[in-house]
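Take a look at the structure set out below.
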Amino acid sequence: MNNTKTTAISGCVIWFLLITIISSCIMPMAFVVGGVTSASEWSIKTMGRFICPENTTPTRYSYDTFTTDEYGNARPSTAYELHCLDSSGEVVKEDPIGYAFGWSGLWAVVGVIVSVGLTFLLAAPGGMLVTKVLNSLREKKTLQN
Numbered sequence: 297m298n299n300t301k302t303t304a305i306s307g308c309v310i311w312f313l314l315i316t317i318i319s320s321c322i323m324p325m326a327f328v329v330g331g332v333t334s335a336s337e338w339s340i341k342t343m344g345r346f347i348c349p350e351n352t353t354p355t356r357y358s359y360d361t362f363t364t365d366e367y368g369n370a371r372p373s374t375a376y377e378l379h380c381l382d383s384s385g386e387v388v389k390e391d392p393i394g395y396a397f398g399w400s401g402l403w404a405v406v407g408v409i410v411s412v413g414l415t416f417l418l419a420a421p422g423g424m425l426v427t428k429v430l431n432s433l434r435e436k437k438t439l440q441n
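Residue numbering for the sequence shown follows this note's numbering, beginning at 297 and increasing consecutively.
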């Protein structure tokens, strides 16, 4: 019973530590990948399957615009939009920002899956390590008394 209690406690501790440490590394990387690749053809084609109506082709449309820096100065910038074109080349639907949020969300889901997978992979060895440490501390304590 005592070893079972130690194993259960160490399992909870190791799960909490692993998911916290792993996801604090993986999730920011997933958001960076999603943000950096949101203007790529790959993201346009992937998200276009979900956003564009049937029998349309998703394409990337870019144009020059301005953004404001932290001092209030206008700086040149490039903006990207998802355009859905029909067979004649006519724009049927425009999506200036929804595809980018969807793409970043898709990468967030990938980050969660990777974090949980790594946690499952490392939980058993980590739990065994914590159990050994707790048992050795308990043995030292009983030897001192």
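Cβ atoms here follow ideal geometry from the backbone N, Cα and C, with glycine treated the same way.
All of these numbers come straight from a predicted model, not from anything done at the bench.
Check, Outcome
"E493 - DSSP class collapsed to helix/strand/coil", "Since the first residue shown for the chain is 297 and the last is 441, residue 493 is missing from the structure and cannot be characterised."
"Backbone secondary structure at C308 - three-state DSSP", "helix"
"Beta-carbon proximity list for S411, same chain, < 8 Å, skipping 5 on both sides", "I315, I318, S319, I322, M323"
"Coarse secondary structure for S334, derived from DSSP in three states", "coil"
"Beta bridge counterpart(s) of I370 as assigned by DSSP", "Strictly speaking, residue 370 in this sequence is Ala, with Ile absent from that position. In the DSSP output, where bridge partners are listed per residue, A370 has T364."
"Sequence-distant residues of the same chain with beta carbon closer than 7 Å to P372, five excluded per side", "D360, F362"
"Backbone CA spacing between A419 and V406 [nearest angstrom]", "20 Å"
"Residues sharing a beta bridge with R378, DSSP", "The amino acid occupying residue 378 in the given sequence is Leu; Arg does not appear at that position. In DSSP, L378 forms a bridge with R356, D391."
"Pair within 8 Å by beta-carbon distance, V309 and V426", "yes"
"Any 3 or more C-beta pairs closer than 8 Å across the region 388-396 and the region 339-357", "yes"
"Outcome for E366 when other beta-carbon atoms lying within 10 angstroms are tallied against a minimum of 16", "exposed"
"Under the three-state DSSP convention, the category C348 falls into", "coil"
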